[in-house]
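Asks: Questions regarding the structure given below will be posed in turn.
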Amino acid sequence: SQQGEEDPQALSIQEGENATMNCSYKTSINNLQWYRQNSGRGLVHLILIRSNEREKHSGRLRVTLDTSKKSSSLLITASRAADTASYFCATDTGGGNKLTFGTGTQLKVEL
Amino acid sequence: DTGVSQDPRHKITKRGQNVTFRCDPISEHNRLYWYRQTLGQGPEFLTYFQNEAQLEKSRLLSDRFSAERPKGSFSTLEIQRTEQGDSAMYLCASSLYTGGIRELFFGEGSRLTVL
Chain A
962 SQQGEEDPQA
972 LSIQEGENAT
982 MNCSYKTSIN
992 NLQWYRQNSG
1002 RGLVHLILIR
1012 SNEREKHSGR
1022 LRVTLDTSKK
1032 SSSLLITASR
1042 AADTASYFCA
1052 TDTGGGNKLT
1062 FGTGTQLKVE
1072 L
Chain B
2 DTGVSQDPRH
12 KITKRGQNVT
22 FRCDPISEHN
32 RLYWYRQTLG
42 QGPEFLTYFQ
52 NEAQLEKSRL
62 LSDRFSAERP
72 KGSFSTLEIQ
82 RTEQGDSAMY
92 LCASSLYTGG
102 IRELFFGEGS
112 RLTVL
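So the sequences go chain by chain: A and B.
Residue 1047 in our numbering sits at position 86 of the first sequence; the count goes up by one each step and never skips.
Residue 109 in our numbering sits at position 108 of the second sequence; the count goes up by one each step and never skips.
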């Protein structure tokens, strides 16, 4: 079963614009991670935010976490065509044993 | 290349045949995970190993599925008597567990098509 639901399911923007993706989850978490997947490829880890953190930055990425609303957002600033991919949130729901992935947001960045 | 490798990358088989996928994790990683991903969906957890011990299996993993990780190194995922519903991308990931899950390192996946 999918723990997270990403919103929107698909997003199309112009190069240079910012892209924001949201993730909602159902149960309490230890941490939340974001991954990227290019078409037909494996997933690549982008960033991890712990349940006691509210915001984290990595390069052009900014992640926020609101545990009271059970939601997270991923912001990609100054997007590039190479950012075109699917983005998934994943939660560690306790026990530290596995990640449960959301349904993903398909991002398309057009030149 | 010291990343996670999976073999084969693509497998086409007829319904009822058995298939086996292999995953070679990053050598120092003690945890190995198998996920399944269908088109337009996120990866779904199947099973994971810590060293050679299989510690959890999803209800998705029917009796036709079996996974092993002998000697805590590479892992195999076998599907017996394949069905068309088994068509999916099978993803392997590894991580170094030291208490609390951290990032997973994924292979490129093995895409299975059952005709």
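C-beta atoms are modelled at their ideal positions from N, C-alpha and C, and glycine is treated no differently.
#1: So G110 of chain B packs on G1003 of chain A, CB below 8 Å; how close in whole Å?
#2: Going along the stretch 22-39 of chain B in order, which residues come within less than 7 Å of chain A, judged by CB to CB distance?
#3: Note the first and the last residue of the continuous beta strand (DSSP E) segment covering L1036 of chain A.
#4: Mind checking E967 of chain A: buried by the 16 CB within 10 Å criterion, or exposed?
#5: Bridge partners of V115 of chain B, per DSSP?
#6: With 16 other CB atoms within 10 Å as the buried threshold, where does T99 of chain B fall?
#7: Does any C-beta atom of chain A lie closer than 8 Å to the C-beta of P44 of chain B?
#8: Would you please verify whether the beta carbon of N1013 of chain A is less than 8 Å from any beta carbon of chain B?
#9: Determine, using beta carbons only, whether E45 of chain B and L61 of chain B come nearer to each other than 8 Å.
#10: Excluding the five sequence neighbours on either side, which residues of its own chain have a C-beta within less than 8 Å of the C-beta of G85 of chain B, listed in chain order?
#11: Within a Cβ cutoff of 8 Å, which residues of the same chain sit near D1027 of chain A, ignoring the five residues on either side of it in sequence?
#12: Give the secondary structure of Q55 of chain B by DSSP, where H, G and I count as helix, E and B as strand, and everything else as coil.
#13: Whole angstroms are fine: how far does the CA of D1053 of chain A sit from the CA of K987 of chain A?
#14: Can you name the residues that DSSP bridges to S28 of chain B?
#15: Taking the continuous beta strand (DSSP E) assigned at I1008 of chain A, which residues delimit it?
#16: What in chain A is Cβ-close to Y91 of chain B, meaning under 8 Å?
#17: Fully enclosed by the stretch 968-992 of chain A, which beta strand (DSSP E) runs are 3 residues long or longer?
#18: Between which two residues does the beta strand (DSSP E) carrying E79 of chain B extend?
#19: Would S95 of chain B pass as a contact of F106 of chain B if the rule is Cβ separation under 8 Å?
#20: Span of the beta strand (DSSP E) holding Y91 of chain B?
#21: State the CB to CB distance for the pair Q38 of chain B and L92 of chain B, rounded to an integer number of angstroms; the pair is presumed to be in contact (CB under 8 Å).
#22: Hey, how far is the Cα of K1069 of chain A from the Cα of K72 of chain B?
#23: Quick one, are the C-beta atoms of V5 of chain B and G108 of chain B less than 8 Å apart?
Replies: Reading off the structure:
#1: 5 Å
#2: Result list: Y34.
#3: 1032-1037
#4: buried
#5: B:T14
#6: Exposed is the call here.
#7: Closer than 8 Å to some Cβ of chain A, the Cβ of P44 of chain B qualifies, so yes.
#8: With a threshold of 8 Å between beta carbons, N1013 of chain A makes no contact with chain B.
#9: yes
#10: The sequence given here places Gln at residue 85 of chain B; Gly does not occur at that position. Hits under 8 Å: R16, V115, L116.
#11: R1015, S1033
#12: strand
#13: 12 Å
#14: DSSP output for S28 of chain B lists no bridge partner at all.
#15: 1004-1011
#16: Chain A residues near Y91 of chain B: none, gap ~11 Å exceeds 8 Å.
#17: Segments of the beta strand (DSSP E) lying fully in the stretch 968-992 of chain A: 971-975, 980-985.
#18: For E79 of chain B, the uninterrupted beta strand (DSSP E) run begins and ends at 76-80, by DSSP.
#19: yes
#20: 89-96
#21: 6 Å
#22: 43 Å
#23: yes
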